[in-house]
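Here is the structure we will look at, set down as structure tokens.
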Amino acid sequence: MEQAIEAAGSAGECRILCCQCGLPIEPNPSNMCVNCLRNLVDITEEIPKQGTIYFCRGCERYLQPPAHWIYATLESRELLGLCLKKIRGLSSVRLVDAGFVWTEPHSRRIKVKLTVQKEVIGGTVLQQVFVVEFMINHQMCDNCHRREAKDFWRALVQVRQKVQHKKTFFYLEQLILKHQAHKDCLNIKAHHDGLDFYFSKKDEARKLVDFFQTMVPCKYIMSQQLISHDIHSNTFNYKHTFSVEIAPVCKDDVICLPPAVARSLGSMNQICICLRVTSAIHLLDPATLQVSELSSQQFWRQPFGALCTPKQLTEYVVMDINFVKDVDRTVFAGQGKLSFRHVLADAWVIRACELGTHENYIHTKTHLGHLLKPGDSAMGFDLANANINDTHFEKLKSEKIPEVVLVKKVYGDRMSRCQRRRWKLQRLQVDMETDTSSVARDYTDFLEDLEEDAAYRQNVNIYKDNDKIAVDTDDEDGDAPRITLQEMLDDLQLEDDPMGDGGNCEDTDQA
């Protein structure tokens, strides 16, 4: 479509003859008709009508010169902007409109319809519509090329924790998914004591390390290995490795604090329980309800380990329990903050395996007074009969060591809790070495921790499991904590995911 737009005002009803063909026309600055002006001037002669764009079939990205690759779907704004940048000569005309002309997706052709204007002879503005055709050529990007050559990564983040379970990594996995910290990751591999994250750039790996430092108490060491060196251009090719070590303290661990650390935390008892691990370690003294937070810097200044892990806990049955009045509590000057979410109580317990054999009940103070009642079961650690190899614990006086430390309440049968669980979590796509039954048990324990601790699941996205079939359970498990429907998110599946793999995550049903 071509038309001449007059630059001057209308001249009324008067007509003039075209200076080229003699046809009567309305006056215009060029004194030519539209056909003669079109034959004489082509405003698109400097604009190429064909072009080439490059597409990587491995990652489905387009090349944006000189070396940047972008994600763009067919007939999208991103692809239109890329095509317009590839057209030379558009700066000499005024672009009025641009759009796609439909082509078969498998034709490897993209047609862009352009409408341009330009001032020609005598100030006349000529408008012209034309089509530019692009051919899609396949070219492998640098990342895919290195991946095929088994040399795809330039930076590696090795996350390790020296513990006997995986619950910390399950929590860290949910933090990564919620904040999309893995979006630049090329691959994720699992090891028996941690995870490996592979990146194409050093800055992307350092960004993930910074994310870990804000979420969990950890420290890291950076190293590099020379891969190649060009003596002519004096360029070096390195592979960088970030070794991240997470503090070996987890939720529900029984800890013996070093004396200096205990004094710095408000003179709390050295025997305490780890409530949860976030950017700091949250500690609770079960004998006084004193709580404190230990920062990452404080921990690594004087590191310590756990006396026992959740796998070493023993089941106890509560025979009697009495609340401790405020006047009977131990209060001293300089005491730290007390917890108002727990209730201090005197409990008399017995091992579940010894129930009915004798009446030598064990007395202990517990922070679970608001949850326990006679007949309930609780998991605890037997300090009196345990073989503990800890220098700080060996120096404690016997009167400061309780016989049993109750950690958490046991809520009914584990199978029934799994059957009535109507929610699920997203999972990362990880190359697993072995998927043993112990990992499955650790994941089930992690799901139970989320149900029992509302503060622990604040940073976790929980999704409704619409495919789960409702199962009737016994009323005896009615006191078990549950996640309410208001805390769950709808499970949205995006079909036009540019990554093509759901952003390295998948939804896993948990029965």
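Taken in order, the sequence shown gives residues 1 to 511; the numbers are from UniProt numbering. Where a beta carbon is used, it is the ideal one built from N, C-alpha and C, also for glycine. Being a predicted model, the structure only gives us computed values, none of them experimental.
Can you tell me whether DSSP reads R206 as helix, strand or coil?
In the three-state reduction of the DSSP assignment, R206 falls in the helix class.
Whose C-beta lies closer than 8 Å to the C-beta of I188 among residues of the same chain, with five residues either side of it excluded?
Within the same chain, I188 has close Cβ partners H182, L195, D196, F197, Y198, L428, Q429, V430, D431 and N504.
Within this structure, are the beta carbons of F242 and V209 separated by less than 7 Å?
With contacts defined by Cβ atoms closer than 7 Å, F242 and V209 form a contacting pair.
How would you call L371, buried or exposed, if buried means at least 16 neighbouring beta carbons within 10 angstroms?
Classification of L371: buried, given that the 10 Å Cβ count is 16 or more.
Apart from the five residues just before and just after E173, which ones in its own chain have a Cβ nearer than 8 Å to its Cβ?
Closer than 8 Å at Cβ, skipping near neighbours: R427 and L428.
Alpha carbon to alpha carbon, how far is I25 from C14? Give it in angstroms, no decimals.
In a straight line, the C-alpha of C14 is about 9 Å away from that of I25.
Under 8 Å, with one C-beta from each stretch per pair, do the stretch 286-301 and the stretch 152-172 reach the 3-pair mark?
Contact fails: fewer than three Cβ-Cβ distances are below 8 Å.
In whole angstroms, give me the CA-to-CA distance for C308 and F169.
In this structure, the straight-line span from the alpha carbon of C308 to that of F169 is close to 19 Å.
Locate the beta strand (DSSP E) running through Y361, then write down its first and last residues.
Unbroken run through Y361: none, as it is neither H nor E.
For the alpha helix (DSSP H) that contains W423, what are its first and last residues?
Annotation for W423: no alpha helix (DSSP H) segment contains it, though the beta strand (DSSP E) segment containing it runs W423 to L428.
Looking only at DSSP bridge pairs, what is K408 linked to?
Note: K408 sits in a beta bridge opposite M379.
Considering only residues of the same chain and omitting the five flanking positions on each side of D97, which have a CB-CB separation below 6 Å?
Around D97: T115.
Please state the DSSP three-state secondary structure of T391.
Here T391 sits in helix by DSSP.
Here's the rule I'm using: 16 or more other beta-carbon atoms within 10 Å means buried, otherwise exposed. How should W102 be labelled?
By the 10 Å Cβ count, W102 comes out exposed.
May I have a chain-ordered list of the alpha helix (DSSP H) segments no shorter than 4 residues that lie completely inside the stretch 63-90?
Every unbroken stretch of the alpha helix (DSSP H) spanning 4 or more residues and falling wholly within the stretch 63-90 is given here in chain order: 77-86.
Are V343 and Y316 close, meaning C-beta to C-beta below 7 Å?
The beta carbons of V343 and Y316 sit no closer together than 7 Å.
Grouping DSSP H, G and I as helix and E and B as strand, with all else coil, what is W348?
In the structure shown, W348 sits in a strand (DSSP, three-state: E or B).
How is the beta strand (DSSP E) around S292 delimited, first residue to last?
In the DSSP annotation of this structure, the continuous segment of the beta strand (DSSP E) that includes S292 starts and ends at V291 to L294.
Going by other Cβ atoms of all chains shown within 10 Å of its Cβ, with 16 needed for buried, is D475 buried or exposed?
Residue placement at D475 is poorly supported in this model, since its pLDDT is 49, which falls under 50; the coordinates still yield a value, given next. Around the beta carbon of D475, fewer than 16 other beta carbons lie within 10 angstroms, which makes this residue exposed.
Would you kindly report the start and end of the unbroken beta strand (DSSP E) that includes F55?
Boundaries of the beta strand (DSSP E) around F55: Q50 to C56.
Would you mind giving the Cβ-Cβ distance between V132 and I70, rounded to the nearest angstrom? I have them listed as a contact below 8 Å.
That belief does not hold up - the Cβ atoms of V132 and I70 are roughly 19 Å apart, past 8 Å.
H179 lies in the alpha helix (DSSP H); which residues open and close that run?
Annotation: the continuous alpha helix (DSSP H) that includes H179 extends over K167 to H179.
Quick one: using the 10 Å Cβ neighbour count with 16 as the cut-off for buried, is R61 buried or exposed?
It counts as buried.
Opening and closing residue of the beta strand (DSSP E) in which T115 lies:
T115 -> beta strand (DSSP E) spans R109 to E119.
Note down the Cα distance separating L283 from T73, rounded to an integer number of angstroms.
CA-to-CA, the gap between L283 and T73 works out to about 51 Å.
CA-to-CA distance, S200 to D346, given in whole angstroms:
Cα-Cα distance, rounded: 57 Å.
Reduced DSSP category for K183 - H, G, I as helix; E, B as strand; rest coil:
K183 falls in the coil class under three-state DSSP.
If I measure Cβ to Cβ from E403 and keep anything under 8 Å in the same chain, skipping five residues before and after, which residues do I get?
If we look at E403 and ignore the five residues flanking it on each side, its Cβ neighbours are I362, H363, T364, D382, L383 and A384.
Report whether the distance from the Cβ of L95 to the nearest heavy atom of the ligand NAP is below 6 Å.
Looking at this structure, you won't find the ligand NAP or any other ligand, since it has none at all.
Any idea which residues DSSP pairs M135 with across the strands?
Residue pairing by DSSP places M135 opposite T52 and R109 in a beta bridge.
List the endpoints of the continuous beta strand (DSSP E) containing R276.
First-last of the beta strand (DSSP E) with R276: I271 to V277.
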